[in-house]
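Please read the structure below before turning to the comments.
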Amino acid sequence: MIANPNEIPITDNHIHVDPINGKGPIKIAKEFYNSGGRVMIIPNKPSWTFGEPFNFKKAMDLAIKYSEEINENTNVKAFAVCGVHPAEYSKLIESGKTFEEGYKLVKEAIDYSKSLVENKKAIAIGEIGRPHYEVSHDEMEYQNKILKYSLKIAKEVDCPVQLHTETASEEQFKEFANFADEIGFNKKKLIKHFSGPYIKEEENFGLTPSVMSSKKNIEIAISKGTNFLMETDYLDDLSRPGAVLGPKTVPKRTLDFIRKEIFSQEDAFKIHKDNIEKIYKIEL
Ligand SMILES: [Zn+2]
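Numbering (my numbering) for the sequence shown: 3 to 286.
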């Protein structure tokens with residue numbers, strides 16, 4: 003077991019757990035804890051991963067159930083994030099739904115995530131956003147409509163949004179910042195999941211980057227400031243090993259960077275505690 007001597011609440015801001023295709027919540031939480039990790043923020047996986055396409059409610063309920071299991075059985079604090087992955091909308095269209103029909107179904111599901119946030123079962127809406135693959139112009143218009151609807155709903159309950167998007171450069175950050183401004187959504191609470199080290203305001207246009215925690219990314223990120231979160235996007239899918247970073251990455255990277263004095267203790271507390279508490283309105 004790796005010690006976390008100052009009990010920094012080391013947080014993976016985007017980590018999945020999946021007992022059907024992977025190791026599941028308890029095993030992953032224990033591996034995470036034993037590497038020094040303390041807080042897992044868990045977005046739901048898409049509905050096809052448990053074999054019930056378009057059962058959006060169940061997808062969200064599962065993320066909540068897994069978070070509760072972690073909280074009851076391990077020393078890790080887990081929080082659920084609930085939403086509809088943009089690929090779900092693509093699949094609705096492929097299945098024969100019209101753009102409007104698909105939009106209506108996703109809107110209903112986003113309304114359900116709102117109720118989960120209101121009932122304190124989830125701390126944010128996500129991952130929502132835009133596909134990371136090419137889609138038709140018409141579909142993209144609807145994906146943007148869904149994104150904006152989700153921001154509107156999140157504003158009503160004053161919760162953050164975790165954004166899944168195509169590989170974002172400054173141009174996309176600017177576009178999403180404009181969406182937020184249009185709706186009056188607090189950009190700090192708009193979290194770009196799977197982000198590169200876009201740390202400065204002139205790079206991220208006021209959004210919060212959740213940086214993929216490769217060594218290089220985090221080195222660049224910390225050289226520019228502490229206004230970021232860390233994540234792995236671990237999928238917990240044994241058929242896709244190495245698709246993303248492993249579940250121990252965030253604690254290992256953080257503790258290693260403290261040892262090497264790339265992070266100060268204050269930096270680590272800022273990233274893992276202050277930033278998380280402020281954005282999600284939770285106490286660690
Ligand atoms: Zn994800």
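All C-beta atoms, glycine included, are put in the ideal place defined by N, C-alpha and C. Keep in mind that this is a model prediction, so the values were computed, not measured.
When you compare each of the options to residue i by their alpha carbons, which one comes out closest?
{"i": "K122", "options": "V83, S215, F52 and T167", "result": "V83"}
{"i": "P253", "options": "I220, E120 and C161", "result": "I220"}
{"i": "I278", "options": "L192, R255 and P249", "result": "L192"}
{"i": "E129", "options": "I222, Q164, F187 and M142", "result": "Q164"}
{"i": "F196", "options": "A124, H18 and T76", "result": "H18"}
{"i": "Y35", "options": "I95, Y151, F175 and T13", "result": "T13"}
{"i": "V287", "options": "E177, I28 and A111", "result": "One cannot answer for residue 287 here, as it falls past the ends of the chain, which runs 3 to 286."}
{"i": "I10", "options": "S49, T256 and I284", "result": "T256"}
{"i": "E204", "options": "E173, K194 and Y282", "result": "E173"}
Exposed or buried, which one is residue i when buried takes at least 16 other CB atoms within 10 Å?
{"i": "S97", "result": "exposed"}
{"i": "G244", "result": "exposed"}
{"i": "I4", "result": "exposed"}
{"i": "E104", "result": "It is Gly, not Glu, that sits at residue 104 in the sequence shown. Per the 10 Å Cβ criterion, buried."}
{"i": "Y135", "result": "exposed"}
{"i": "L64", "result": "buried"}
{"i": "G39", "result": "buried"}
{"i": "S241", "result": "exposed"}
{"i": "P211", "result": "buried"}
{"i": "K106", "result": "exposed"}
Residue j and residue i - do their beta-carbons sit closer together than 7 angstroms?
{"i": "L209", "j": "A170", "result": "no"}
{"i": "H16", "j": "D235", "result": "yes"}
{"i": "T251", "j": "S225", "result": "no"}
{"i": "I66", "j": "V108", "result": "no"}
{"i": "I155", "j": "K190", "result": "no"}
{"i": "I260", "j": "N229", "result": "no"}
{"i": "D239", "j": "I30", "result": "no"}
{"i": "I22", "j": "G85", "result": "no"}
{"i": "I44", "j": "S69", "result": "yes"}
{"i": "T167", "j": "R132", "result": "yes"}
{"i": "F181", "j": "I125", "result": "no"}
{"i": "P199", "j": "A223", "result": "yes"}
Examine chain C for any beta-carbon lying closer than 7 angstroms to the beta-carbon of residue i, and answer yes or no.
{"i": "T228", "result": "Protein chains in the displayed structure number just one, and chain C is not present."}
(request) For the region 223-273, list the alpha helix (DSSP H) runs that are entirely contained and at least 4 residues long, ordered along the chain. (result) Inside the region 223-273, DSSP marks whole alpha helix (DSSP H) runs of 4 or more residues at positions 251-261 and 267-271, from first to last along the chain.
(message) I'd like to know if the region 115-134 and the region 157-168 are in contact, where contact means that at least 3 CB-CB pairs between them fall below 8 angstroms.
(response) Judged by Cβ distances under 8 angstroms, the region 115-134 makes contact with the region 157-168, as three or more pairs qualify.
(message) Check whether the region 54-71 and the region 264-272 are in contact - that is, three or more C-beta pairs closer than 8 angstroms.
(response) no
(message) Threshold first: 3 residues or longer. Then list the beta strand (DSSP E) segments lying entirely within the region 78-127, N to C.
(response) As far as the region 78-127 is concerned, its whole beta strand (DSSP E) runs of at least 3 residues are 79-84.
(request) May I have a chain-ordered list of the beta strand (DSSP E) segments no shorter than 3 residues that lie completely inside the region 119-171? (result) List check, beta strand (DSSP E) in window: 124-131 and 163-166.
(request) At 3 residues or longer, and completely inside the region 178-205: list those beta strand (DSSP E) runs for me, N to C. (result) For the region 178-205, the full-length beta strand (DSSP E) segments reaching 3 residues or more read 192-197 along the chain.
(request) Give, in chain order, every unbroken run of the alpha helix (DSSP H) that is at least 4 residues long and sits entirely within the region 24-83. (result) Taking only runs of at least 4 residues, the alpha helix (DSSP H) segments lying wholly in the region 24-83 are 27-36 and 58-75.
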